[in-house]
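Engineer:
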Amino acid sequence: MTAAAVGGARAAMLARRSLSKVTDDAPTHDELVELVSAAGRVADHKELKPWRLIEIRGDDRVALGRAIAKAEGKKGVYSKPLRAPLLIAIVASVRRGKVPVWEQEAVASGVAHALSLLLDEAGYGVFWRTGGHTRHRAVAKAHGLTKDEVLLGWLYVGGKPTRSRPLRRKAVDGAKFLSALPAGKKAKKKA
2 MTAAAVGGAR
12 AAMLARRSLS
22 KVTDDAPTHD
32 ELVELVSAAG
42 RVADHKELKP
52 WRLIEIRGDD
62 RVALGRAIAK
72 AEGKKGVYSK
82 PLRAPLLIAI
92 VASVRRGKVP
102 VWEQEAVASG
112 VAHALSLLLD
122 EAGYGVFWRT
132 GGHTRHRAVA
142 KAHGLTKDEV
152 LLGWLYVGGK
162 PTRSRPLRRK
172 AVDGAKFLSA
182 LPAGKKAKKK
192 A
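Have a look at this one:
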């Protein structure tokens with residue numbers, strides 16, 4: 002396989018880095034719709050599209066902060082949703098049937114990851130925040146989730162801040178994470 006064949010996707014993966022501090026820049030709703038349309042092309046068994054995304058901006062971030070504070074048994078507003086101008090809630094919308102729940106959640110996660118790559122490529126800083134409160138009733142209610150939906154977390158999106166030094170990227174040694182089927186190794190030894 003040539004580098005050109007995987008250049009765009011490979012380059013995007015190698016360049017991707019979570020940015021926990023972002024500026025107030027964010028994609029418009031229309032720009033976001035275009036990116037979601039592309040991200041929705043992930044592998045999806047039976048083409049169930051078992052996901053949806055919720056765009057959270059402005060005072061809606063405060064409402065989310067209140068729900069998270071309530072989930073933690075506190076009063077007031079949990080401040081983390083205010084750290085980015087745009088939050089995108091990732092929701093697995095489970096369809097009952099032959100496709101296992103875990104597989105449908107994996108599709109929703111794939112959409113979120115693809116969207117994070119597309120947002121990064123478009124010049125935005127992105128990081129994915131999760132936590133125990135994603136499964137709390139108050140947080141589910143704030144998102145308007147149905148009984149067949151599960152919140153997987155939020156993409157925090159904003160502009161990439163200018164940096165005085167380049168971001169360090171930790172390399173991944175693919176050889177450490179890639180193996181052969183154990184039965185296949187035994188067959189090769191016998192031959």
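Going by our numbering, the first residue of the sequence shown is number 2, and it counts up by one from there. No residue lacks a Cβ here, since even glycine has one placed at the ideal position from N, Cα and C. Keep in mind that this is a model prediction, so the values were computed, not measured.
In terms of residue numbering, what span does the beta strand (DSSP E) encompassing G126 cover?
Structural biologist: Its beta strand (DSSP E) spans residues 125-130.
Engineer: Considering only C-alpha positions, which residue in the set K76, D45, G59 is nearest to K26?
Structural biologist: For the sequence presented, residue 26 should be read as Asp rather than Lys. D26 has its Cα closest to that of G59, out of K76, D45, G59.
Engineer: With a threshold of 8 Å, are at least 3 pairs of Cβ atoms found where one atom belongs to the stretch 102-112 and the other to the stretch 42-56?
Structural biologist: The stretch 102-112 makes contact with the stretch 42-56, as at least three CB pairs between them are under 8 Å.
Engineer: Using the three-state DSSP reduction, which class does R96 fall into: helix, strand or coil?
Structural biologist: Three-state result, R96: coil.
Engineer: Let me check understanding here. Comparing Cα to Cα, which of D45, V158, R84 lies closest to R96?
Structural biologist: D45
Engineer: Please work out which residues of its chain come closer than 7 Å, Cβ to Cβ, to H134, disregarding the five sequence neighbours upstream and downstream, and give them in chain order.
Structural biologist: I69, A72, E73, V140
Engineer: Determine which residues share a DSSP beta bridge with I55 and list them.
Structural biologist: A90
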